[in-house]
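Student: Order-wise, the sequence lines are chains A and B. Under my numbering, the first residue of the first sequence carries the number 127, and numbering increases by one thereafter. Under my numbering, the first residue of the second sequence carries the number -2, and numbering increases by one thereafter. Glycine included, every Cβ here is placed at the ideal spot set by N, Cα and C.
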Amino acid sequence: MNLLASLPLYPLLSFLVLISFGKRLSWAVASWLSVGAMGLSALCSLVLFAQLSTSEVNVITSHLWQWFSIGSAKVNVSFYLDALSAVMILVVTGVGFLIHLFAAIYMKNDENFTRFMAYMNLFIVAMLVLVLADNLVLLYLGWEGVGLCSFLLIGFWYQEKSNVLAARKAFIVTRIGDTAMAIGLFLLFKSLSSLNIVEINQLAQTSDVFSLSLANNEPSDAYWAALLLLGGAVGKSAQLPLQTWLPDAMAGPTPVSALIHAATMVTAGVYLIARMNGVFIMAPEVMTYVAWLGVITLLLAGVAALAQTDIKRVLAYSTMSQIGYMMLALGAGAWSAGVFHLMTHAFFKALLFLTAGAVILALHHQQNLFKMGGLLKKLPFESALFFIGLSCLVALPGTSGFFSKEAIIASLWSSPTAGASLWWCAILGALLTSIYSCRLFFLAFLGDQRFPKDLVISEHVDTNYILRAALVFLALLSLFGGLFTVDLSTVLPVNNKSELSPDWLHIVAILTPFIGIAFSWFYFKRYRNKGITSLEESQSSWVVFCRNGLGFDVIYRFLLVKPYCFIAELNRRDLFDQLIMLSARYVGIWRDILSASQNGSLRWFAATFGLSMVGLILVVIL
Amino acid sequence: MTDIPLVHVLILSSLLFTIGFVGVVVRKNTLFMLMSLEVMLNAVGVAFIGAGSVWQEADGQIMFMLILTLAAAEVAVGLALLIRMQRHYRTLDIDVLSKMKG
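(1) In chain A, which residues lie less than 8 Å from residue 0 of chain B when you measure between Cβ atoms?
(2) Scan the region 722 to 742 of chain A for residues whose Cβ lies nearer than 7 Å to a Cβ of chain B and list them as they occur along the chain.
(3) Residue 45 of chain B CB to nearest chain A CB: under 9 Å?
(4) Among A:163, A:187, A:538, A:272, which residue has its Cα nearest to the Cα of residue 460 of chain A?
(5) Does any residue of chain A have a CB that is nearer than 9 Å to the CB of residue 91 of chain B?
(6) Taking 9 Å as the cut-off, decide whether the C-beta atoms of residue 601 of chain A and residue 487 of chain A are in contact.
(7) Can you confirm whether the region 202 to 219 of chain A touches the region 390 to 407 of chain A when touching is taken to mean that 3 or more C-beta pairs between the two stretches lie within less than 8 Å?
(8) Does chain D have any CB closer than 9 Å to the CB of residue 21 of chain B?
(9) Between the region 5 to 29 of chain B and chain A, which residues of the former have a C-beta closer than 7 Å to a C-beta of the latter?
(10) In whole angstroms, what is the alpha-carbon distance linking residue 216 of chain A and residue 359 of chain A?
(11) Are residue 515 of chain A and residue 477 of chain A touching if we call contact CB-CB under 9 Å?
(12) As an exercise, report each continuous beta strand (DSSP E) stretch of at least 3 residues that is fully enclosed by the region 407 to 482 of chain A, in chain order.
(13) Using a 10 Å radius around the Cβ and a threshold of 16 neighbouring Cβ atoms, would you call residue 716 of chain A buried or exposed?
(14) Mind the definition here: the region 275 to 290 of chain A touches the region 181 to 197 of chain A only if three or more C-beta pairs lie below 8 Å; say whether that holds.
(15) Roughly how many angstroms lie between the CA atoms of residue 697 of chain A and residue 708 of chain A, to the nearest whole one?
(16) Going along chain A in order, which residues have a C-beta closer than 7 Å to the C-beta of residue 95 of chain B?
(17) In this structure, how does DSSP classify residue 633 of chain A when only helix, strand and coil are distinguished?
(18) Please tell me whether residue 346 of chain A and residue 292 of chain A are closer than 9 Å, where the distance is taken between their beta carbons.
(19) Suppose contacts are defined by Cβ-Cβ distances below 9 Å. Is residue 283 of chain A in contact with residue 362 of chain A by that definition?
(20) Take residue 10 of chain B as the anchor and find which of B:37, B:1, B:19, B:23 has the nearest alpha-carbon.
(21) Cα separation between residue 624 of chain A and residue 576 of chain A?
(22) Helix, strand or coil, according to DSSP, for residue 187 of chain A in the structure here?
(23) Please classify residue 508 of chain A as buried or exposed, where buried requires at least 16 other C-beta atoms within 10 Å of its C-beta.
(24) So residue 299 of chain A is in the alpha helix (DSSP H); what residue range does that whole segment cover?
(25) What does DSSP give as the partner residues of residue 194 of chain A in its beta bridges?
(26) So residue 205 of chain A and residue 258 of chain A are in contact, right, with Cβ under 8 Å, and what is the actual spacing, rounded?
(27) Pick out whichever of A:370, A:325, A:329, A:312 has its Cα sitting closest to the Cα of residue 295 of chain A.
(28) Quickly, what does DSSP pair residue 322 of chain A with across the bridge? List them, please.
(29) Helix or strand or just coil, what does DSSP make of residue 83 of chain B?
(30) Per DSSP, what kind of secondary structure is residue 56 of chain B in: helix, strand or coil?
(31) Which full runs of the alpha helix (DSSP H) of 4+ residues lie inside the region 650 to 704 of chain A, going along the chain?
(32) Mark residue -2 of chain B as exposed unless 16 or more other C-beta atoms lie within 10 angstroms of its C-beta, in which case mark it buried.
(33) Looking only at its chain, what residues have a beta carbon closer than 7 Å to the beta carbon of residue 449 of chain A, apart from the 5 residues adjacent to it on each side?
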């Protein structure tokens, strides 16, 4: 058993133990087991990463067994580690380990603690399978696995109806994308007769069947395959038009939001597109769609984030908008910049979510920003960390977010699939990001205390040194993660064109966050000033419209959910059921006739006997 | 002896059989059902005799002897049962006596 194959094994074993023994395990045993397994995985991935960067070969593979074969194509359970998946496993196990550590303390008093940690471990297993898979079928297994874990963890507190509805919504909406992706896999297999990722990326460049369309106006297989894969990515990464599930997914416990809905799972779509770069390069139109989709999502999510009142929902919309940046980078052909932003985003968004979780717990489950305020004095440690996270988010120079976001924005201007208009949109997005971040910080940490004066700050999170260590470590990663660059040129194509973008572009990009901060310093004066002890949420229709996610939920409810429920209601007595029930009816009629003949009267029996004899004889004679 | 055509014998036999059958089905009194059974047996006997005389074989008559003894034995048992039934239940109505309905 080599190191690569053992990577997902530790969390898997821990999951199996936790799920089979359940509540019989004490808190100490369960948390040591789950966090320890994650620690081992994180160590393994560090060792693997070191091996990969020192050795001559660019790839480490591990073949476990053959899953099944279709004709000559074999689908193996085997893992494939290159620079791209190495970055992913570092993020998944590293950030995952810190979040597990946090969760073990955060969820300590929950009665279903072991179940929670079991699901978290299972999620890590599925995510590792997703990023390490060497073929698309295994990737799809991991893809569905993380979807399942997301469903289980959003609905973790299943006694509340709203949590269950949120879980169901997340599951169904992502399923729509997954269906598109499955069809995309079939199409790829049909045209390239392979499901191996490396083979597909190579064949896509060379196979004529795949890249050329028969008639000139007809899109090629590459176009459709890329479009369908994009459908899967859009669902998982909460991009337009399947983005509605992510804000609701905040119903889950905060570590879940940090791990699944910020750092790892939602970036799986970005990973998928980066992984299948060979296919996407053959379909430049789809690359442009990716870029536009990303940019529209990032703007809409930025606008929606401006109006949120729930601290976690602000972060959820900001996640959507940051993933929009990643999509934009991929669409513009800046592959490594997108993956780089994926990594730095995982660091600072995990930090933001965990700190928000600590704040929420300290305030006894108060998530409403308008009922916080003045936390800088009460929770100085959390405030400092939150500030670090936000400065990465708005890309203040020097932080990790700065490096990755600037790399994305710089690549847009001269990219053949993007262009100047997308560049301006990205700048506008950066402006929005800084404005909503400021609003969030002012509302929560500055100003006057707006929660009851006699509320005792719950201290068990604030003072726990393990928790603090995890948060500080994440903060260090967020600050200095930008220096930690990985050479992805062995996996992802590099734009060799000399970038001839004018200097003023860089200056504008660097200045944008400061403009946003300056603007909000004056515009949100009310939020940061002392002396205001209660703030009313704005009820103007425009703000409410933004707060409710720009009306997408309403549109979908009337366009899709209502008609579907109407049809389901019409077909309540299922038509096919009725057809099948006909045979049962037929049998039932005979049952009635025969049981009526068994009436127990001797004379009836004699009559039937005699008459049937006559009938039989008649049949024989005739 | 004037020849009687077999068809006539069979018509008589089936008429008797039908009368007996209808009697079994229609009558409620067990005694009459028993009598109707006798009529049916005799109808079969007539058919045997007729057939035996057409083929000039003794088998038909032997068969009839068998049926006759059978009928005598059956009637003996049947009448004994009838007497027991009358004593026990004070009725011979077959529908009242029926216990076969589940």
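Tutor: The short version:
(1) On the second sequence, residue 0 of chain B is found 3 positions in, with the first residue counted as 1. Result: empty, since nearest Cβ-Cβ is about 26 Å, beyond 8 Å.
(2) 725, 726, 727, 728, 729, 732, 733, 736
(3) Counting from one through the second sequence, the residue named residue 45 of chain B turns up at place 48. It does not: the Cβ of residue 45 of chain B has no partner Cβ on chain A nearer than 9 Å.
(4) Along the first sequence, one-based indexing puts residue 460 of chain A at 334. Checked all of A:163, A:187, A:538, A:272; the closest Cα to residue 460 of chain A is A:538.
(5) For the purposes of this step, residue 91 of chain B is taken as the residue at position 94 of the second sequence. Residue 91 of chain B counts as touching chain A.
(6) Mapped onto the first sequence, residue 601 of chain A falls at position 475. Mapped onto the first sequence, residue 487 of chain A falls at position 361. No, the pair does not count as a contact, with Cβ atoms beyond the cut-off.
(7) yes
(8) The chain labelled as chain D is not found among the protein chains of the depicted structure, namely A and B.
(9) 18, 21, 22
(10) Translated into positions along the first sequence, residue 216 of chain A becomes position 90. Translated into positions along the first sequence, residue 359 of chain A becomes position 233. Their backbone Cα atoms lie some 21 Å apart in a straight line.
(11) Walking along the first sequence from the start, residue 515 of chain A turns up at place 389. Walking along the first sequence from the start, residue 477 of chain A turns up at place 351. For residue 515 of chain A and residue 477 of chain A, yes; Cβs fall inside 9 Å.
(12) none
(13) As a position in the first sequence, residue 716 of chain A is number 590, starting the count at 1. Exposed, since its Cβ has fewer than 16 Cβ neighbours within 10 Å.
(14) no
(15) Residue numbering aside, residue 697 of chain A sits at position 571 when the first sequence is read from its first letter. Residue numbering aside, residue 708 of chain A sits at position 582 when the first sequence is read from its first letter. About 17 Å.
(16) The residue given as residue 95 of chain B occupies position 98 in the second sequence. 726, 727, 728, listed in chain order.
(17) Here residue 633 of chain A refers to the residue found at position 507 of the first sequence. Helix.
(18) The residue labelled residue 346 of chain A in the question sits at position 220 within the first sequence. The residue labelled residue 292 of chain A in the question sits at position 166 within the first sequence. No.
(19) By 1-based counting over the first sequence, the position of residue 283 of chain A is 157. By 1-based counting over the first sequence, the position of residue 362 of chain A is 236. It is not a contact, given that the beta carbons lie outside the stated cut-off.
(20) Stepping through the second sequence from its first residue, residue 10 of chain B is reached at position 13. Looking at the Cα atoms, B:37 is the closest of the given residues.
(21) The residue you call residue 624 of chain A lines up with position 498 of the first sequence. The residue you call residue 576 of chain A lines up with position 450 of the first sequence. Per-residue confidence for residue 624 of chain A stands at a pLDDT of 46, beneath the threshold of 50, marking its modelled position as unreliable; the derived number appears in the next sentence. Rounded to whole angstroms, residue 624 of chain A to residue 576 of chain A spans 54 Å at the Cα level.
(22) By 1-based counting over the first sequence, the position of residue 187 of chain A is 61. Strand.
(23) Your numbering for residue 508 of chain A matches position 382 in the first sequence. The residue in question, residue 508 of chain A, is buried, as its Cβ has 16 or more Cβ neighbours within 10 Å.
(24) Here the question's residue 299 of chain A lines up with position 173 in the first sequence. Looking at the DSSP string, the run of the alpha helix (DSSP H) that includes residue 299 of chain A is 287 to 318.
(25) On the first sequence, residue 194 of chain A is found 68 positions in, with the first residue counted as 1. Note: residue 194 of chain A sits in a beta bridge opposite A:201.
(26) Taking the first residue of the first sequence as position 1, residue 205 of chain A is located at position 79. Taking the first residue of the first sequence as position 1, residue 258 of chain A is located at position 132. Yes, residue 205 of chain A and residue 258 of chain A are in contact; Cβ-Cβ is about 4 Å, under 8 Å.
(27) Along the first sequence, read from residue 1 onward, the residue named residue 295 of chain A stands at position 169. Of the candidates A:370, A:325, A:329, A:312, the one whose C-alpha sits nearest the C-alpha of residue 295 of chain A is A:370.
(28) What you label residue 322 of chain A is simply residue 196 of the first sequence in a count that begins at 1. In DSSP, residue 322 of chain A forms a bridge with A:261.
(29) Taking the first residue of the second sequence as 1, we reach residue 83 of chain B at position 86. Of the three classes helix, strand and coil, the one that applies to residue 83 of chain B here is helix, per DSSP.
(30) Walking along the second sequence from the start, residue 56 of chain B turns up at place 59. The answer is helix: DSSP assigns residue 56 of chain B an H, G or I state.
(31) 651 to 654, 667 to 673, 678 to 682, 688 to 696
(32) Residue numbering aside, residue -2 of chain B sits at position 1 when the second sequence is read from its first letter. In this predicted model, residue -2 of chain B has a pLDDT of only 49, less than 50, meaning its place in the structure is not dependable; the value taken from the coordinates is given anyway. Exposed.
(33) The sequence position of residue 449 of chain A within the first sequence is 323, counting from 1. The residues are 363, 364, 365, 392, 393, 396.
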